[in-house]
Structures are given as C-alpha cells and as structure tokens.
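Protein chains: 2
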Amino acid sequence: MIEVGIVEDNVKIRNLIQRYLDMQENMSCKIAVDSVEEMLEYLKEMQPPNVLLMDIQLPGMSGIKGIEIIKKEYPSIEIIMLTIYHDSHKIFDSLVAGASGYLLKHTSLPEIKESIENLAEGGAPMSPQIARKVIQYFNQPKPVNKPESDLTAREQDIVNGLVDGLSYKLIADRFDISIDTVRAHIRNIYKKLHVNSKAEVIAKSLRGEI
Amino acid sequence: MIEVGIVEDNVKIRNLIQRYLDMQENMSCKIAVDSVEEMLEYLKEMQPPNVLLMDIQLPGMSGIKGIEIIKKEYPSIEIIMLTIYHDSHKIFDSLVAGASGYLLKHTSLPEIKESIENLAEGGAPMSPQIARKVIQYFNQPKPVNKPESDLTAREQDIVNGLVDGLSYKLIADRFDISIDTVRAHIRNIYKKLHVNSKAEVIAKSLRGEI
DNA sequence: ATCAATATCACATAAATATGCGGTTTAACC
DNA sequence: GGTTAAACCGCATATTTATGTGATATTGAT
C-alpha cells in the first residue's frame, strides 16, 4: 500500500486527486494540505507518507523550498512536482532540490496514479515535455569547450601532480625522476600553455582547458 | 506519416520492430540496417527519416559515435537509443551526443510506437529507470559539497586573485594594499583551509570546495 | 568597556618556483 | 643516416612563496 500526501492550494484539484487516489486498491491518500508549512506540521506528528505530490506556487513557502526542507528531514519521502510551470528554471531547481518526478497539471488522474506506481518501482515520472527539457540540458553545454592543447603523456602526469598540490620534489618522487627533470617538463608545459606559473596551470587544468 | 529508420545488428529484433512499425497507420519503416556506416550510406542517397531507433553496441562504429555524426549531418533527425545498457555513462554520453530519447530493449512494441509518437509531439521518450538515472544526475552534485569554510569577504577576494593566477604583488595592486597584507591574508586563508600552498587554494576553489 | 575578529602593515628568512643554458638517450619518421 | 620529439639530467640565479613574529586600527557583539 502506497501512502500518498498532497500539497496543493487549489481545493478543487486537491480534493479531486485525493479522492481518486484514495479510491485505488493499492494506494491511500489521507493527508492533503494547502501549504508546505501545514505538511511539515503533519509530518512531525504522524507517520510520513511514501510519496508527496506537490505544487510549486503555494501560499507561504514555495514548493521548491519545501522539497529541500522535507527531503532533508525525511529523505525517504519521494516527491513528485505537480505544477503548471514548464520553464527550465523551475524544473531544474526542483530536481536539484531533490524531486524525483515532475508532472504538468494537465496530467490525467490515471496517469498520476501510474506515475506514483512507476516511482515506487524505481522510475522517475516526468511529463514528456519535461523530459524533453531535461534532455536538452545535456545537449546545450556541448559547443562551449574544445581547447585541446597537446601535452605529452608525461607532461600531463606532471600537470596532475601540480593539481594534486604537490611540490616539484614530491612530483619527482612520485614518478621517480629528478627534480631537474620536473623543472624541464614544467618549462615545456608553460611554453605550450602560454603561462608562467603553477597557479595558471592548475587553474587551466581544473577548468578543463587542457 | 512518420518515417522511421532502424540501426540494429540483431536481425530478429530488427525485423520484428520494422514489421511492427511499418504496419502502423501513421508510420513507415522502410530502412533497417545493422550498422551506422550502412545508415550513413543510405542517408547520402535517400530522403532522411524523421526518427532513428539506434542500438549502442554495433558492428563497426558505436551507436554513440553514430549519434554525433548523424546529428551533425542531419540535425533534423531525432534519435532514440534502444539498448540493453542502463549504465550512467552510456546514457549521458548518448544524451550529450544528441539523442532525444533512451529506451531499454525490453520495451514492448506498442511502447516503442508510443515513444516515437511522443517524440514527434515534442516529448522525450525514456524508460522509467533511465529517467531515474537522469534525475539522480541532478541530485548528485548537491551532497558532494558541504565545505563551508568561512572565509571573510577580503579573504575571498584574495583567493579570487590567486585563482586568476596573480602574484602577491599583483593582488596587492589590485586591491591597493601592501604585499605584506596579502601575505597576512594568505596566512589566515591557509590556516582556515588547512593547506599550505597557493596551488591547494586554487584547486580547492575551482573544485567548489570553498 | 572589553573582547574577538578583521584588515592593515613591517621585517626577516627558508623554501619553492621560474627561467636560462647546457647536455644525453631513445624511439619514431623520412 | 639524419632529423625530430620526448624524456631524462645538471647547474645557476632571480623571483616568488611560505612562515614566523611582531604591531595598529576598526568593528561588532557581549
């Protein structure tokens, strides 16, 4: 039996969903409130539900802030956002805050039910449009970076040593070469990268510019 | 009418899917090959399909490399991966390469059909397990960082100077203070961060650990 | 009013780094 | 067989960093 809770300030929608879910054989929906604050009150006293359906636009605390707080206190609760917002910011903020699913409000009752079951089975319910936005997120950052300075394998070793915070001496020890050889490599690295300090090499490396 | 192409080296599966899709009223699936190379040959001569179903493990070029090449040449083709692999690396590599969906091979024929329609309507078909992994990607980076070393504003300024690759002298110039003051700040920064070199501060900073 | 933290500055010194110039050996390439 | 690139080593020196031990002024909290 899956215990479902609802945080939604539109009474009509809330009652509709609650009645529908509570009617299901494998679900129970006893707690439906209209703010995160109320839900937190409830959680303090009662057994927490397995799944929460949550709106974003709410009186008082926003649903996204709510995710953070609830997930922190009750990490086992899976949260599905149910909202009209389909802008990337709200989607990503929700997911980063800890939501496990994101549905748009036009989702039908049977689909909501299915999503909850889906979640219980280790899935992550998302409206198709949302999934699209999430996937687009991965396509975006592509063309940004493609520097490729060609350091030799050994030079890359030395750079890694620098990034690990090692001194020349320790790098020499790590690779069992003399400190003067380390110096030589570093000289060459500086030439190739057009820099003249350890700091710049580390910065470049950690920025993925090598 | 949605034109679908298939790149899949298992003949049985390929034929099964092709026949099923071609049978649908709103779809046509005329081209089904067993390698990316063959598909590229085909695309050079014929009208490109709207959607491609693609395996990852293929003879010759991998499906992921295939996405890159095909999307580069024919950006309008939407690609759905259809594979047995559910490891994060393959999923993310596929999405970054330009895939619009990612289905696991146990997906039923009607679900595949539905996914293609879904895609045509602006969605992004994903198996629930895949969606879960994608969502987990966003949750990940959160608990990673919890450093909270409380540097003062001035100390943070100095750190930024270091990250910018400046020497003590240049940092002093930037903030119009003496080099000895820079030294003093850096001493304090080292104490707070438990390090003892510029390199480590820069590394920590760029890793978001400050 | 006192205390703690911050920001500022100074002097001194050891250690590390940056840079110049020199070299040998090895493996790959034409 | 000569050329080239890489990896290796050494010595010298100027600059930069790391660290110690001071000190003063300002500020916000107790």
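Those sequence lines, one after another, are chains A and B.
Letter 135 of the first sequence, counting from 1, is numbered 135 in the numbering used here, and no numbers are missing.
Throughout, the numbering used here is defined as the position within the second sequence, counted from one, plus 1000.
Glycine is no exception: its CB is placed at the ideal position from the N, C-alpha and C atoms.
If you're wondering where the values come from, they're calculated on a predicted model, not measured in any experiment.
Problem set entry | Beta-carbon proximity list for B:Ile1179, same chain, < 7 Å, skipping 5 on both sides | Tyr1168, Lys1169 and Ala1172
Problem set entry | A:Thr83 - containing beta strand (DSSP E), residue span | A:Thr83 -> beta strand (DSSP E) spans Glu78 to Thr83.
Exercise. With 16 other CB atoms within 10 Å as the buried threshold, where does B:Glu1068 fall?
Worked result: A residue is called buried when at least 16 other Cβ atoms come within 10 angstroms of its Cβ; B:Glu1068 meets this threshold and is buried.
Problem set entry | Minimum C-alpha distance to A:Asn139 - residue among B:Asp1150, B:Ala1124 and B:Asn1139 | B:Ala1124
Problem set entry | Alpha carbon of B:Lys1065 to alpha carbon of B:Pro1048, nearest angstrom | 18 Å
Exercise. Excluding the five sequence neighbours on either side, which residues of its own chain have a C-beta within less than 6 Å of the C-beta of A:Tyr42, listed in chain order?
Worked result: Ile31
Problem set entry | Cross-strand partners of B:Ala1032 (DSSP beta bridge) | B:Ile1006
Exercise. Chain A beta carbons: is any one of them nearer than 9 Å to that of B:Gln1129?
Worked result: yes
For this session: Would you list the one or two residues that DSSP bridges to B:Met1051?
Result: The sequence as given places Val at residue 1051 of chain B; Met does not occur at that position. For B:Val1051, which the question treats as bridged, DSSP gives the partners B:Val1004 and B:Glu1078.
Problem set entry | Supposed contact pair A:Leu162 and A:Lys198 - C-beta distance, whole angstroms, cut 8 Å | With a beta-carbon spacing of about 6 Å, A:Lys198 and A:Leu162 fall inside the 8 Å limit used to define contacts.
Problem set entry | Stretch pair the region 85-101 of chain A + the region 1083-1092 of chain B: three plus CB contacts closer than 8 Å | no
Problem set entry | Any C-beta of chain A under 9 Å from that of B:Lys1191 | no
Exercise. Going by alpha carbons, who is nearest to B:Arg954 out of B:Val1134, B:Arg1154, B:Ile1177 and B:Lys1113?
Worked result: Within the shown structure, residues of chain B are numbered from 1001 to 1210, placing residue 954 of chain B beyond reach of any answer.
Exercise. How many Å lie between B:Cys1029 and A:Glu25 at the Cα?
Worked result: 41 Å
Exercise. Taking 8 Å as the cut-off, does the CB of B:Ile1186 come closer than this to any heavy atom belonging to the ligand ADP?
Worked result: Among the components modelled here there is no ligand, and therefore nothing to report on the ligand ADP.
For this session: Find the nearest neighbour of B:Ile1116 within the set B:Lys1071, B:Phe1175, B:Asp1055 and B:Val1051, judged by alpha-carbon distance.
Result: B:Val1051
Exercise. Which residues does DSSP pair with A:Tyr102 in a beta bridge?
Worked result: As DSSP reads the structure, A:Tyr102 sits in a beta bridge with A:Met81 and A:Met126.
Exercise. Interface residues of chain A around B:Met1126 at Cβ under 7 Å?
Worked result: What B:Met1126 touches in chain A: Ala131.
Problem set entry | A:Leu193 (DSSP reduced to helix, strand or coil) | helix
Problem set entry | Cross-strand partners of A:Met27 (DSSP beta bridge) | Paired residue(s): A:Ile2.
Exercise. Given B:Met1039, which residues of its chain have a CB within under 6 Å of its CB, disregarding the five upstream and five downstream residues?
Worked result: Val1007 and Val1033
Problem set entry | Collapsed DSSP secondary structure at B:Ala1203 in the structure displayed | helix
Problem set entry | Cβ neighbours of B:Asp1185 in the same chain (closer than 8 Å, five flanking residues each side left out) | Residue 1185 of chain B is actually His in this sequence, not Asp. Cβ within range, chain order: Arg1154, Glu1155 and Ile1158.
For this session: Please decide whether A:Asn118 counts as near chain B, where near means a Cβ-Cβ distance under 9 Å.
Result: Closer than 9 Å: yes.
Problem set entry | chain A contacts made by the region 1085-1108 of chain B, where a contact means CB separation under 8 Å | Phe1092, Leu1095, Val1096, Gly1098, Ala1099, Ser1100 and Gly1101
For this session: Please list the partners that A:Arg207 has in chain B, where partner means a Cβ-to-Cβ separation under 8 Å.
Result: Here the neighbours are Leu1206.
For this session: Report the rounded CA-to-CA distance for A:Ile70 versus B:Pro1128, giving the unit in angstroms.
Result: 24 Å
Problem set entry | Minimum Cβ-Cβ distance from B:Ala1211 to chain A less than 9 Å | Chain B is shown from 1001 up to 1210; residue 1211 of chain B falls before or after that span and cannot be answered.
Exercise. Where does the unbroken alpha helix (DSSP H) through B:Pro1110 begin, and where does it stop?
Worked result: Leu1109 to Ala1120
Exercise. Taking the continuous alpha helix (DSSP H) assigned at B:His1086, which residues delimit it?
Worked result: No alpha helix (DSSP H) holds B:His1086; DSSP gives it neither H nor E.
For this session: Give the DSSP-derived three-state secondary structure of B:Tyr1150 in the structure shown.
Result: The identity of residue 1150 of chain B in the sequence shown is Asp, whereas the question assumes Tyr. In the three-state reduction of the DSSP assignment, B:Asp1150 falls in the coil class, being assigned neither a helical nor a strand state.
Exercise. When the Cα atoms are used, what is the spatial distance from B:Val1195 to B:Arg1132?
Worked result: 38 Å
Problem set entry | Same chain, Cβ closer than 6 Å to A:Gly63, five either side skipped, listed in chain order | Met54, Asp55 and Ile56
For this session: Can you give me the start and stop residues for the alpha helix (DSSP H) that A:Leu170 sits inside?
Result: Tyr168 to Phe175
For this session: Go ahead and pull the three-state DSSP assignment for B:Met1046.
Result: Here B:Met1046 sits in coil by DSSP.
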